[in-house]
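Undergrad:
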Amino acid sequence: MVLLAVAQILVVFDTTVFAVGLPLIQHDRELSFSGLTWLLSAYSVCFAALPVLAGALGRAYGHRRVLMGGFALSSLAAAAPALSSDAPVLLASRAVQGVAAAVITAGALALIDATHPEGRGRDRALNVHFAVVACATPAVLLPCTLLLDTVDTENTVFWVQAVAGLVLLALTPVALAETAPVPAARARLSGAALAVVPLGFLAWFADWLGGRSVSVTTVVVIAVGAAVLPSVLGLVWRGERVPSLLSRDRAAFGAYTVVALLAAGLAGVVLVLTFALQLLGGLSPMQVGWALLPAVAGVVAGSAVLPRLAARLGLAGTVAGACVVAAGGFVLLSLPGAGYGFGAVQLPLLLVASGCGVLALPAGFARSGSGALPRALNSSRQLGAGLGTSLFVGVITVTEQHTTATALRGPAEYKAVLAAEVRHCFDLGTALCLAAALVALLALPSRTARTTHPAPGLSGGAPAGTAGSPGSSAP
């Protein structure tokens with residue numbers, strides 16, 4: 035269990051240290067701003083596109099074997115840019131690193147499911163895993179900034195990543211047993227491979243919006259519309275034959291959509307604040323790490339309080355309320371007079387993180403007898419984080435284009451224009467969280483029913499008491 039948690043932390047460390055170290059990388063590699071966005075986009079597209087295929091490979095060939103392949107890829111991708119300073123090598127390594135992250139993330143959860151028997155032990159392990167995933171990004175920021183402050187070149191960071199991957203690769207056969215491959219699963223690999231196309235297209239399209247200088251309003255409308263549409267169709271088409279699956283399983287679809295939207299918002303706020311605190315707040319990378327650390331407390335508090343509230347108030351109202359709290363944090367960050375100093379971001383960040391405690395929602399909300407829900411929730415979180423990175427990178431690209439195209443007369447005016455444009459990123463975060471709240475109210479059950487005898491359902495693992503799961507009142 036510890037090794038799998040460390041594996042997840044390695045993935046988060048890679049994304050976080052790269053985001054914080056972008057100014058250093060830009061200076062040493064002499065990259066343009068568009069070059070930096072390509073580096074972020076290559077990773078996020080690959081990471082978002084591969085959760086389904088990575089899980090299918092694990093079922094076909096053994097999850098431990100595939101996880102070890104992810105560690106090997108991660109080490110290789112980290113070592114390549116340390117050995118070569120060419121920009122194309124760095125770009126290719128980020129794409130491979132995204133593939134490795136997708137494989138590691140999917141394999142870690144699958145091995146938790148396989149190595150823990152059904153019951154409280156598995157629930158506890160899943161709770162720990164989701165809590166680690168939700169808290170990892172803000173928690174890893176401080177160690178990342180400490181590392182960046184002590185090194186003279188980004189190559190040292192790449193070597194640290196490579197060595198960490200090799201250590202985990204060596205420990206995996208000792209600490210984890212191999213799962214039995216399922217020969218029949220190999221026949222379904224082609225179908226899983228096809229899932230790469232739409233998922234990758236979504237991530238690419240999110241990045242394309244920024245590359246074409248599409249307005250932030252358009253980005254918001256597309257993101258919110260795509261999120262709310264499945265839940266609305268599930269209500270409108272209820273009772274019809276063809277879309278009956280969408281109607282019966284709208285609670286499961288809703289749960290996955292909410293997780294994806296909140297993951298996108300959390301990934302986005304950390305990414306944007308990393309830039310804003312340095313460029314607008316004048317903070318050093320070390321100070322940025324300390325400034326974002328309280329987000330861990332927010333996620334932990336949210337994940338501790340939400341289950342109790344859900345038991346009393348119902349799942350839909352509780353999750354929607356959490357999403358509104360997160361939206362409130364984004365609103366505070368987007369106000370015209372909002373500052374981006376150390377103290378100014380603490381309250382908004384705590385609100386966003388507390389609302390995103392839904393990402394660490396304990397496994398007690400799910401049918402403990404079905405592994406489909408935890409895997410699907412993890413895939414949704416993975417897809418959401420990748421899409422969120424692409425969306426916010428797109429908005430940042432528009433911001434940089436507008437700022438560069440504006441005639442400025444000094445650093446003060448530059449910061450004023452940049453601050454106004456950065457607020458559009460937080461407007462996007464507000465829209466994502468409010469869309470998640472709407473989806474929760476439309477799709478999730480108003481009451482949470484408990485069940486001790488799970489039975490297979492169409493949802494493949496919806497939260498207990500939701501449509502398509504035991505205790506559901508839906509047809």
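The working numbering numbers the first residue of the sequence shown as 35 and each following residue consecutively.
Cβ coordinates follow ideal geometry from the N, Cα and C atoms, glycine included.
This one's a predicted model, so the numbers in the text were calculated from it and none came from an experiment.
DSSP three-state label for residue 458, please.
TA: For this step, residue 458 is matched to residue 424 along the sequence shown. In this structure, residue 458 counts as helix in the three-state DSSP scheme.
Undergrad: How far does the alpha helix (DSSP H) with residue 164 in it extend, from its first residue to its last?
TA: One-based indexing of the sequence shown puts residue 164 at position 130. Run containing residue 164: 154-184, per the alpha helix (DSSP H) assignment.
Undergrad: Could you give the first and the last residue of the continuous alpha helix (DSSP H) run that contains residue 150?
TA: What you label residue 150 is simply residue 116 of the sequence shown in a count that begins at 1. Taken as a continuous stretch (DSSP letters only), residue 150 belongs to no alpha helix (DSSP H), as it is neither H nor E.
Undergrad: Check whether the stretch 414-429 and the stretch 355-369 touch, using three or more Cβ-Cβ pairs below 8 angstroms as the test.
TA: no
Undergrad: Would residue 46 and residue 170 qualify as a contact pair, given that the criterion is a beta-carbon distance under 7 angstroms?
TA: Position 12 of the sequence shown, counted from the first residue, corresponds to residue 46. Position 136 of the sequence shown, counted from the first residue, corresponds to residue 170. It is a contact, given that the beta carbons lie within the stated cut-off.
Undergrad: For residue 59, which option in 188, 157 and 112 has the closest C-alpha, if you only look at C-alpha atoms?
TA: In the sequence shown, the residue the question calls residue 59 occupies position 25. It is 188.
Undergrad: Which class does residue 43 belong to by DSSP, given the choice of helix, strand or coil?
TA: Start at 1 with the first residue of the sequence shown, and residue 43 comes out as number 9. Of the three classes helix, strand and coil, the one that applies to residue 43 here is helix, per DSSP.
Undergrad: Quick check on the burial criterion: 16 or more other C-beta atoms within 10 angstroms. Buried or exposed for residue 184?
TA: Here residue 184 is taken as the residue at index 150 of the sequence shown, counted from 1. Answer is exposed; the Cβ neighbour count stays below 16.
Undergrad: Select from 107, 127 and 105 the residue whose C-alpha is nearest the C-alpha of residue 115.
TA: Taking the first residue of the sequence shown as 1, we reach residue 115 at position 81. That would be 127, whose Cα lies nearest to the Cα of residue 115.
Undergrad: Counting pairs of Cβ atoms below 8 angstroms between the stretch 324-339 and the stretch 381-392, do you hit three or more?
TA: yes
Undergrad: Assign residue 221 to buried or exposed, taking buried as 16 or more other Cβ atoms, counted over all protein chains shown, within 10 Å of its Cβ.
TA: Along the sequence shown, read from residue 1 onward, the residue named residue 221 stands at position 187. When all chains shown are included, residue 221 counts as exposed.
Undergrad: So is residue 279 buried or exposed if we call it buried at 16+ other beta carbons inside 10 Å?
TA: Here residue 279 refers to the residue found at position 245 of the sequence shown. Unreliable placement is indicated for residue 279, whose pLDDT of 47 sits below 50; the coordinate value is still reported in the next sentence. Exposed, by the Cβ-count rule.
Undergrad: Using three-state DSSP, classify residue 57 as helix, strand or coil.
TA: For the purposes of this step, residue 57 is identified with residue 23 of the sequence shown, where counting begins at 1. When secondary structure is reduced to three states using DSSP, residue 57 falls in the helix class.
Undergrad: Is the stretch 452-467 touching the stretch 300-313 in the sense that three or more CB pairs, one from each, lie closer than 8 angstroms?
TA: yes
Undergrad: Could you spell out where the alpha helix (DSSP H) holding residue 95 opens and where it closes?
TA: Here residue 95 refers to the residue found at position 61 of the sequence shown. Its alpha helix (DSSP H) spans residues 85-95.
Undergrad: How should residue 36 be labelled, buried or exposed, when 16 other C-beta atoms within 10 angstroms of its C-beta is the threshold for buried?
TA: Numbered from 1 along the sequence shown, position 2 holds the residue referred to as residue 36. Exposed: under 16 other Cβ atoms inside 10 Å.
Undergrad: Just to confirm the assignment, what range does the alpha helix (DSSP H) spanning residue 363 have?
TA: Translated into the one-based positions of the sequence shown, residue 363 becomes position 329. First-last of the alpha helix (DSSP H) with residue 363: 349-368.
Undergrad: If you draw a straight line from the alpha carbon of residue 139 to that of residue 339, how long is it in whole angstroms?
TA: In the sequence shown, counting from the first residue as 1, residue 139 sits at position 105. In the sequence shown, counting from the first residue as 1, residue 339 sits at position 305. Spanning the two alpha carbons is a distance of roughly 26 angstroms.
Undergrad: Decide yes or no for the touch test of the stretch 313-320 against the stretch 172-186: beta carbon pairs closer than 8 angstroms, at least 3 of them.
TA: yes
Undergrad: Considering only their Cβ atoms, is the gap separating residue 130 from residue 107 smaller than 7 angstroms?
TA: Numbered from 1 along the sequence shown, position 73 holds the residue referred to as residue 107. Numbered from 1 along the sequence shown, position 96 holds the residue referred to as residue 130. Against a cut-off of 7 angstroms, the Cβ pair of residue 130 and residue 107 comes out as a contact.
Undergrad: How far does the alpha helix (DSSP H) with residue 192 in it reach, from first residue to last?
TA: Here the question's residue 192 lines up with position 158 in the sequence shown. It spans 188-209 - the alpha helix (DSSP H) in which residue 192 sits, taken as one unbroken run.
Undergrad: If you follow the alpha helix (DSSP H) that residue 220 is in, where does it begin and where does it stop?
TA: For this step, residue 220 is matched to residue 186 along the sequence shown. From DSSP, the alpha helix (DSSP H) with residue 220 extends over 217-220.
Undergrad: Contact defined as beta carbons within less than 8 angstroms: I believe residue 383 pairs with residue 326. What is the distance between those atoms, to the nearest angstrom?
TA: Translated into the one-based positions of the sequence shown, residue 383 becomes position 349. Translated into the one-based positions of the sequence shown, residue 326 becomes position 292. Confirmed, Cβ separation roughly 7 angstroms.
Undergrad: Using a Cβ-Cβ cut-off of 7 angstroms (strictly less than) and excluding sequence neighbours within five positions of residue 215, which residues of its own chain qualify?
TA: On the sequence shown, position 181 is the one that residue 215 refers to. Counting only Cβ-Cβ distances below 7 angstroms, and skipping sequence neighbours, we find 94, 95 and 96.
Undergrad: Among the candidates 380, 316, 141 and 296, whose CA atom is the shortest distance from the CA of residue 203?
TA: As a working mapping, residue 203 is identified with position 169 in the sequence shown. Minimum Cα distance to residue 203 is reached at 141.
Undergrad: Quick one: what does DSSP say residue 484 is sitting in, helix, strand or coil?
TA: Translated into the one-based positions of the sequence shown, residue 484 becomes position 450. Residue placement at residue 484 is poorly supported in this model, since its pLDDT is 49, which falls under 50; the coordinates are not used for a value here.
Undergrad: For residue 375, which residues of its own chain have a beta-carbon under 6 angstroms away from its beta-carbon, when the five flanking residues on both sides are left out?
TA: Walking along the sequence shown from the start, residue 375 turns up at place 341. In its chain, beyond the 5 residues on either side, 315 have a beta carbon closer than 6 angstroms to the beta carbon of residue 375.
Undergrad: Is residue 217 buried or exposed, if buried means 16 or more other CB atoms sit within 10 Å of its CB?
TA: To locate residue 217, count along the sequence shown from 1; it is residue 183. So residue 217 ends up on the exposed side.
Undergrad: Rank 467, 285 and 162 by C-alpha distance to the C-alpha of residue 480 and give the top, closest one.
TA: If you number the sequence shown from 1, residue 480 lands on position 446. Of 467, 285 and 162, the residue nearest in Cα terms is 285.
Undergrad: Could you give the DSSP three-state label for residue 413: helix, strand or coil?
TA: As a working note, residue 413 is residue 379 in the sequence shown. Note: residue 413 maps to helix in three-state DSSP.
Undergrad: Going along the chain, which residues of its own chain have a beta-carbon closer than 6 angstroms to the beta-carbon of residue 335, five neighbours each way excluded?
TA: On the sequence shown, residue 335 is found 301 positions in, with the first residue counted as 1. So the list reads 388, once near-sequence residues are dropped.
Undergrad: Flag this pair as yes or no: are the beta carbons of residue 190 and residue 54 separated by less than 7 angstroms?
TA: In the sequence shown, the residue the question calls residue 190 occupies position 156. In the sequence shown, the residue the question calls residue 54 occupies position 20. Not closer than 7 angstroms, so no.
Undergrad: Taking all protein chains shown into account, do 16 or more other C-beta atoms lie within 10 angstroms of the C-beta of residue 471, making it buried, or fewer, making it exposed?
TA: Sequence index remark: in the sequence shown, residue 471 carries index 437 (1-based). Per the 10 Å Cβ criterion, buried.
Undergrad: Under a three-way DSSP split, which group does residue 317 fall into?
TA: Counted from its first residue, the sequence shown places residue 317 at position 283. Correct three-state label for residue 317: coil.
Undergrad: If I measure Cβ to Cβ from residue 415 and keep anything under 8 angstroms in the same chain, skipping five residues before and after, which residues do I get?
TA: Sequence index remark: in the sequence shown, residue 415 carries index 381 (1-based). Closer than 8 angstroms at Cβ, skipping near neighbours: 167, 293, 294, 297 and 393.
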